[in-house]
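Q: Chain order of the listed sequences is A and B.
Be aware that the first sequence starts at 105, since it is given in this note's numbering, and climbs by one per residue.
Be aware that the second sequence starts at 105, since it is given in this note's numbering, and climbs by one per residue.
Note that CB positions come from ideal geometry on N, CA and C, so glycine has one too.
Before I ask anything, here is the structure I am working with.
There are 2 protein chains.
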Amino acid sequence: MTLADLDTPSLILDRSVLDRNAAAMTGRAHALGVKLRPHLKTAKSADVAKIAVKDNFGGITVSTLKEAEYFAAAGFSDIVYAVSIVPAKLPRIASLLRSGVDLAVVTDRIDVARALGEKCVQLGVEVPVMIELDTGEHRSGLAPDSDEVVPLGALLHGSPGVSLRGVLTHAGHSYGCRSIEAVRDVAEQERAATVGAAQRLRAAGLPCPVVSVGSTPTAVHARNLEGVTELRCGVYMFGDVFQSEIHSCGRGDIAVSVLATVIGHREDLGCALIDAGALALSKDRSTGAEGLPEDVGFGLVTDADGRERIDGMRVNRVYQEHGLIGCDGAFPFHRLPIGTRVRVFPNHVCLTAAMYDAYQVIDGGDEVVATWPRINGW
Amino acid sequence: MTLADLDTPSLILDRSVLDRNAAAMTGRAHALGVKLRPHLKTAKSADVAKIAVKDNFGGITVSTLKEAEYFAAAGFSDIVYAVSIVPAKLPRIASLLRSGVDLAVVTDRIDVARALGEKCVQLGVEVPVMIELDTGEHRSGLAPDSDEVVPLGALLHGSPGVSLRGVLTHAGHSYGCRSIEAVRDVAEQERAATVGAAQRLRAAGLPCPVVSVGSTPTAVHARNLEGVTELRCGVYMFGDVFQSEIHSCGRGDIAVSVLATVIGHREDLGCALIDAGALALSKDRSTGAEGLPEDVGFGLVTDADGRERIDGMRVNRVYQEHGLIGCDGAFPFHRLPIGTRVRVFPNHVCLTAAMYDAYQVIDGGDEVVATWPRINGW
């Protein structure tokens, strides 16, 4: 079977690019002297996870309990669930712990830590907990220099039902950087603040075996990760056009794309329609207004082989099942007759991949060498 | 089982609101003297479809071949696939036609119509085709007064493998209207242009049994639909905050919402986090900049019972699995301790529902009376 045999839209994963991206980040983690704990929130596929953990220690990161359960069933036994835990979610976590999975959770709250311990005692399990730090993203986490870090650590260390695993942060604000130097500065801020919090815990006589940081831009560009023990990042496996715009990868490093068909021409409007719209591509748009080098719309359009961008073409607008493609100059209708297949390299691959239940896998060519299932939902 | 027993995030469908919305649109179609052919691209559920066709003729509209196959398997036998057809998609359509389903397709091109006929002859089927008209949306369709309408109709009427079913348009530009009067004007433009094209076909001696229009705003507000035979619309079943902003429904008419849990407080930033982010809500935002009465963000936040909006609260920002909720005044942390359940009424329900594989159905209260599967993909 080749790409020509697939229905459109289909989600295409080029394994040769994935292999290269995974090996590059693994090499980078080795060079930086940290363990790589890949984040599987983007891939949500055991087949991809096996490639991501190759030559690493086997630990992974997830963003939903469904991912934790799915990857545990696929044999992954060292998992961090990196979204603020609430006690009501403990029964599913307890089931995984009882099955032998080392599943760590994160919190930034003393009241939650106390409730976790009490509930875990009732459930007859002990859950390892990481203290989440906000090193600049302003999403979740304690300020690294907060007066609450040490008391929270002490509570987690001293209470039955919970244990203190370490500190964790996500420098998501690196996505707002518009230069590599700015990313490097965020990476250093992320590293220094997290290591500093770990040192305060240790100075108070508390254990802090794990110091975990991660975002794809900071993982790619960090000058050093001294004091950090593990790196969590995920988008690097696939890359996307936004990541290429902020210099986390090159345009040729994007492993995932959407195969689509030209279904309409608007000669009067100088654009064409493809059968990949808001559901096939998702609706996360980058714009030049954000200070990016180019308005990439909802994705860049290439020939069906994924190699050559067509005349600066991009997806300018999406309806539920229609995508409107255009370019800056005259639209090359002659090159794209109705029925032509194209590939769209998505702006934000985490959201695009989430619209599909499988990857159609190629290996640098146009032969479909495998179909890898992926999960969605919670 | 009640809402309190569900994991979060979950997709909640209030059947009592759906029933009311479906009955209202059915009554409106009867009053306007047209058949209602509900569009199932939003619901993607046979259970919902059965309610939508109640007291109607049973025909439905779909936006993907997977929907067509799914609804055909569920017993629906009169289907319009309302996205520009390309000949490569005919084998799946031929299978449905052979199974006895009346499946009509749409095109705006003479070359496609010719290729359709040739391929259908090879496949041994005849497909009914509707001519798509662009009555102002500027997506797909011929201009209603285009010189190509009659030749396209003649080709479809005169060629083996295809037949001329009628004309079809979608006044999607009604979503850009900011007053009911403006919607009414679009509805009249949609009606008049479509009926005019049908009259030109008939004047040329061609059959045009079906004159099909539809979008939720124009269906709700059209002054009259004289000359139209059928109405296709879909979002009206569920409603959403955007539709309420453009006066297609009231805030109390929104049948679908997302049940979520408060997982974090940011007292320092005056906001809180819920476990419903870009995947649980989708990423279609409405803003005041679009001339809407209110910036509704990614959705409005109510108490868990879905009845009372909390202090003007909305989802201001989404990360993959985190939603950041805020309000204009001081954030009521005391009212929303960690673990509190809330409901988010989505900005754009078509995209939000697409993130789930089932509806948790309630009937005006908090008891979960059913779980209705829904499909995604192509």
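Is DSSP giving T333 (chain A) helix, strand or coil here?
A: T333 (chain A) falls in the coil class under three-state DSSP.
Q: Hey, does A198 (chain B) have any beta-carbon neighbour from chain A nearer than 7 Å?
A: Chain A contact via Cβ: absent.
Q: Please identify the residue among A:V315, A:V287 and A:D289 whose C-alpha is closest to the C-alpha of G300 (chain A).
A: Ranking A:V315, A:V287 and A:D289 by Cα distance to G300 (chain A) puts A:V315 first.
Q: Within 10 Å of its beta-carbon, does T365 (chain A) have 16 or more other beta-carbons around it, so buried, or fewer, so exposed?
A: Classification of T365 (chain A): buried, given that the 10 Å Cβ count is 16 or more.
Q: Pick from A:G245, A:T298 and A:Y185: whose alpha carbon is nearest that of V332 (chain A)?
A: Taking only the C-alpha atoms, the option nearest V332 (chain A) is A:T298.
Q: Alpha helix (DSSP H) containing I214 (chain A): first to last residue?
A: Unbroken alpha helix (DSSP H) run through I214 (chain A): I214 to L227.
Q: If you draw a straight line from the alpha carbon of G430 (chain B) to that of L377 (chain B), how long is it in whole angstroms?
A: Approximately 9 Å between the Cα atoms of the pair.
Q: What three-state label does DSSP hand V290 (chain B) in the structure shown?
A: DSSP places V290 (chain B) in helix when its eight states are reduced to three.
Q: For the beta strand (DSSP E) containing R88 (chain B), name the first residue and the last one.
A: Since the first and last residues shown for chain B are 105 and 482, residue 88 (chain B) lies out of range.
Q: Please name the residue in A:D123, A:S361 and A:A302 whose C-alpha comes closest to that of D249 (chain A).
A: Answer by Cα proximity: A:A302.
Q: Mind the definition here: the stretch 324 to 331 of chain B touches the stretch 280 to 299 of chain B only if three or more C-beta pairs lie below 8 Å; say whether that holds.
A: Touching, yes.
Q: So S244 (chain B) packs on H426 (chain A), CB below 8 Å; how close in whole Å?
A: About 7 Å separates the two Cβ atoms, so the contact holds.
Q: Per DSSP, what kind of secondary structure is R306 (chain B) in: helix, strand or coil?
A: In the structure shown, R306 (chain B) sits in a helix (DSSP, three-state: H, G or I).
Q: Starting from the Cα of K139 (chain B), find the closest Cα among B:T130, B:A147 and B:V225 and give me that residue.
A: With distances taken between Cα atoms, K139 (chain B) lies closest to B:T130.
Q: So, D388 (chain A) versus N451 (chain A), is the Cβ gap smaller than 7 Å?
A: Cβ distance < 7 Å, so D388 (chain A) and N451 (chain A) count as in contact.
Q: With a threshold of 7 Å on Cβ separation, who are the neighbours of I155 (chain A) within its own chain once the five nearest residues in sequence on each side are excluded?
A: Hits under 7 Å: L122, D123 and A126.
Q: Please tell me whether L117 (chain B) and Y463 (chain B) are closer than 7 Å, where the distance is taken between their beta carbons.
A: Their beta carbons are under 7 Å apart, which means L117 (chain B) touches Y463 (chain B) by this criterion.
Q: Opposite G401 (chain B) in the DSSP bridges: which residues?
A: Partner(s): B:S390 and B:V419.
Q: Which runs of the alpha helix (DSSP H) at least 4 residues long sit entirely within the stretch 334 to 375 of chain A? Give them in chain order.
A: If we require 4 residues or more, the alpha helix (DSSP H) runs fully inside the stretch 334 to 375 of chain A come out as 345 to 349.
Q: Given that a residue counts as buried once 16 or more other Cβ atoms are within 10 Å of its Cβ, and exposed if not, what is K148 (chain B)?
A: Label assigned to K148 (chain B): buried.
Q: With a CB to CB cut of under 7 Å and the five nearest residues on each side skipped, what residues in its chain are close to A247 (chain A)?
A: Excluding residues within five positions, the ones whose Cβ falls inside 7 Å are D238.
Q: Excluding the five sequence neighbours on either side, which residues of its own chain have a C-beta within less than 6 Å of the C-beta of Y174 (chain A), listed in chain order?
A: Here the set comprises I479.
Q: Just checking, does the stretch 338 to 350 of chain B make contact with the stretch 342 to 356 of chain A on the three C-beta pairs under 8 Å criterion?
A: Because the criterion of three Cβ pairs below 8 Å is not met, the stretch 338 to 350 of chain B and the stretch 342 to 356 of chain A do not touch.
Q: To the nearest angstrom, how far is the alpha carbon of L220 (chain B) from that of R213 (chain B)?
A: Computed Cα separation, rounded: 10 Å.
Q: Sorted by chain position, which residues of the same chain lie with C-beta nearer than 8 Å to H242 (chain A)'s C-beta, five sequence neighbours on each side aside?
A: Correct list, in chain order: H277.
Q: Return the residues of the stretch 307 to 322 of chain B that lie within a Cβ-Cβ distance of less than 9 Å from chain A, sorted by chain order.
A: Listed in sequence order: no entries.
Q: So who's on the other strand from S267 (chain A), going by DSSP bridges?
A: Answer by DSSP bridge pairing, in chain order: A:P232.
Q: So R243 (chain B) contacts chain A; which residues on that side make the cut at Cβ distance below 9 Å?
A: Near R243 (chain B) (Cβ distances below 9 Å), the residues of chain A are G368, R370, L377, R421, Y423, H426 and L428.
Q: Please tell me whether C337 (chain B) has its Cβ less than 7 Å away from any Cβ of chain A.
A: Output row for C337 (chain B): interface = no.
Q: Please determine, among A:D432, A:V446, A:A380 and A:G280, the residue with the shortest C-alpha to C-alpha distance to A457 (chain A).
A: When only C-alpha atoms are compared, the closest one is A:A380.
Q: What residues from chain B crowd round T365 (chain A), counting only those whose CB sits closer than 9 Å?
A: Result: V190, A192 and K193.
Q: I want to verify the contact list: residues of chain A whose CB lies under 8 Å from the CB of Y460 (chain B), in sequence order.
A: The contacting residues are G481.
Q: Quick one, are the C-beta atoms of L115 (chain B) and Y460 (chain B) less than 7 Å apart?
A: For L115 (chain B) and Y460 (chain B), yes; Cβs fall inside 7 Å.
Q: Could you check whether G354 (chain A) and L310 (chain A) sit closer than 7 Å to each other, using their CB atoms as the reference points?
A: No. Outside cutoff.
Q: Can the beta-carbon of R132 (chain B) be found closer than 7 Å to that of E334 (chain B)?
A: No; because the gap between Cβ atoms is not below 7 Å, this pair is not in contact.
Q: Report, in whole angstroms, the separation of the C-beta atoms of I414 (chain B) and P436 (chain B), which I expect to be a contact under 8 Å.
A: Going by Cβ atoms, the distance from I414 (chain B) to P436 (chain B) rounds to 7 Å, so yes, they are a contact pair.
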